[in-house]
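Here is the structure we will look at, set down as structure tokens.
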Amino acid sequence: MGKNRVATGGIDMLSGGLYKNIFLFALPLIASGMLQQSFNSVDMAVVGRFADSMALAAVGSNGPVIGLIVNLFVGISLGANVVIANYIGRGNESGIKKAVSTAGALALISGVLMMAVGLTVAEPILALLGTPDDVIDEAAGYLKIVSLGFPFMMIYNFSSAIMRSRGDTRNPFYALVAGGIVNVILNLVLVIVFEMGVAGVALGTVAANIVSSAMLAWILNHTKDPFRLNYLKVRATHSEIAKILQIGLPAGIQGVVFSISNVFIQSAINSFGSQAVAGSAAAINYEFYSYFIISAFVQAVVAFTGQNFGAGNYERCRRVFRVGMVYAVAMSLTLNAVVALNKDFFISVFTSTAEVVEYAATRITVVLIFQFVACSYEIAGASLRGIGYSMTPAVLTIFGTCVLRLLWVWASANHFADFGLLMIIYPVTWTVTGIAVLIAFFRISRRVLPVRK
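With our numbering applied, the sequence shown closes on residue 457, and no number is skipped along the way.
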């Protein structure tokens, strides 16, 4: 390649077998995501079993709202991943050091902003969404407490992005395990022993974020240059902010708009009553499991493509796309098929209330089975971001998800009040968005990733 190789201490993304290396990169991310969702599921199961269905609905109704608040900055952390990975591919240690420090500064700023928003908008936004009156007070209390942990959540996310760019996905996993154990213990103690209900679950979540972020901050502070980061001495560089935002801001805006569409869908779900809210919240847990599989390979494709594009390995970039797509589709489809075929058992983990079970079963049947289709635009979009094209997949995804979903919510609310028909919007928009982003990927890659003769 004619370039200095930076010693990353992680998986070698520039050489070696892609099937093996991508799987090794993604495996801790899959485990992290599933573990994180398992802890979230414990939150739901504890309040659903040891409190009541109202508490389950209160926690579940916050999912889209929290996503709306955090997704902008999670997308920006993806920009940090791509920028650092590009510098690694080029062997630019000075650039790595500046980008790492800038990412640390962005983590602190975004965390404080998120906390302020969460504390301010909790009650108004939940009321705007039509959250049922019998759960809105508990839902707002949950959101306010969880907001206190947002700064720590961002430290964890940006630290993880820095580590992923160098091929290290194990340390974020270990940190998540430690935080998750704290979460489960506090949930059981605060909800069952002290009968704190929703507030107890929220406090457990905050404590978990503190533990996980502290571990990664300590690891980065004891890492060798150019990846060393001391959060007490971070410094943002204007040029690096611009590069990170160029990739991360479109991804973040996409995440926000995606969440807005889900917020409107949640509002439509709320109109069916608290039993529908609880049933949807129970079923969506299993969608998150599949999402974390897809997300793991999205992050792998971003990091591998970023490094190889920086190093000029264009054919390897194209192969990364193919390998990532195969893994994401196969693994997400397999998992969801298992859940759908045994949905009665999996729903019973959260509730035994007949009406709640019926709503959960409908969502699993209509949505979960087809979730693998989302791999089409997620993996293609990740490849585009790895080569510096972040706005294109963002715009296409915004149209395919937000615009179409809003139209569908309007139609379902005004013309047919059926929960199953409302849920159909997910597979429809996944298909439309996937076709659009795949077409964009193949057109752009032919131009940006020329075949060398």
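Think of the CB as a built atom: it goes at the ideal place given N, C-alpha and C, for glycine as much as any other residue. A quick note: this is a predicted structure, and the numbers were derived from the prediction, not measured.
Note that the C-beta distance between isoleucine 166 and alanine 84 is below 8 Å. Nearest neighbour of serine 294 by Cα position, chosen from Ala332, Gly392, Leu110, Leu426, turns out to be Ala332.
DSSP places proline 176 inside the alpha helix (DSSP H), whose first and last residues are 174-191. Of the other Cβ atoms in all chains shown, 16 or more fall within 10 Å of the Cβ of serine 105; this residue is therefore buried. Only residues of its own chain outside the window of five on either side were considered, and among them Phe77, Ala111, Ser114, Gly115, Met118 have a CB closer than 7 Å to the CB of methionine 158, listed in chain order.
Taking 8 Å as the cut-off, the beta carbon of asparagine 274 is found closer than this to the beta carbon of glycine 134. Comparing alpha carbon positions, the residue from Gly79, Ala285, Asn340 closest to leucine 249 is Gly79. When DSSP states are grouped into helix, strand and coil, glycine 201 belongs to the coil group.
Assignment of isoleucine 214 by DSSP, reduced to helix, strand and coil, places it in the helix class. For tyrosine 290, the enclosing alpha helix (DSSP H) begins and ends at 278-315.
Of the other Cβ atoms in all chains shown, fewer than 16 fall within 10 Å of the Cβ of threonine 338; this residue is therefore exposed. With contacts defined by Cβ atoms closer than 8 Å, methionine 17 and alanine 300 do not form a contacting pair.
In the three-state DSSP reduction, tyrosine 235 falls in the coil class, being neither helix nor strand. DSSP, reduced to helix, strand and coil, places aspartate 141 within a helical segment of the structure shown. The C-beta separation of valine 150 from valine 238 comes to about 25 Å, leaving the pair out of contact by the 8 Å criterion. Methionine 17 carries a coil assignment under DSSP once its states are collapsed to helix, strand and coil.
In the three-state reduction of the DSSP assignment, alanine 131 falls in the helix class. By the Cβ-count criterion, isoleucine 189 is exposed, with fewer than 16 other Cβ atoms from all chains shown falling within 10 Å of its own Cβ. In this structure, alanine 144 keeps its C-beta atom at 8 Å or more from the C-beta atom of alanine 120. The closest CA to that of isoleucine 439, considering only Gly404, Leu194, Tyr393, Val455, is found on Gly404. In this structure, DSSP gives serine 275 a state outside helix and strand, which the three-state scheme calls coil.
The beta strand (DSSP E) runs lying completely inside the stretch 356-387 and spanning 3 residues or more number zero.
For lysine 101, the closest C-alpha among the options Asn234, Asp138, Gly208, Phe198 is that of Asn234. Here phenylalanine 276 has Phe423 as same chain residues with Cβ atoms under 7 Å from its own Cβ, once five neighbours each way along the sequence are excluded. The straight-line gap separating the alpha-carbon atoms of leucine 400 and valine 87 is approximately 23 Å. Per DSSP, the unbroken alpha helix (DSSP H) holding threonine 433 starts and ends at 429-452. Serine 81 carries a helical assignment under DSSP once its states are collapsed to helix, strand and coil.
Per the coordinates, the alpha-carbon of leucine 453 lies some 39 Å from the alpha-carbon of valine 181. Look at glycine 99 here: in three-state DSSP terms it is helix. Excluding five sequence positions before and after valine 436, the CB atoms of its chain that fall closer than 7 Å to its own CB belong to Gly404, Leu408, given in chain order. In the three-state DSSP reduction, aspartate 348 falls in the helix class (H, G or I).
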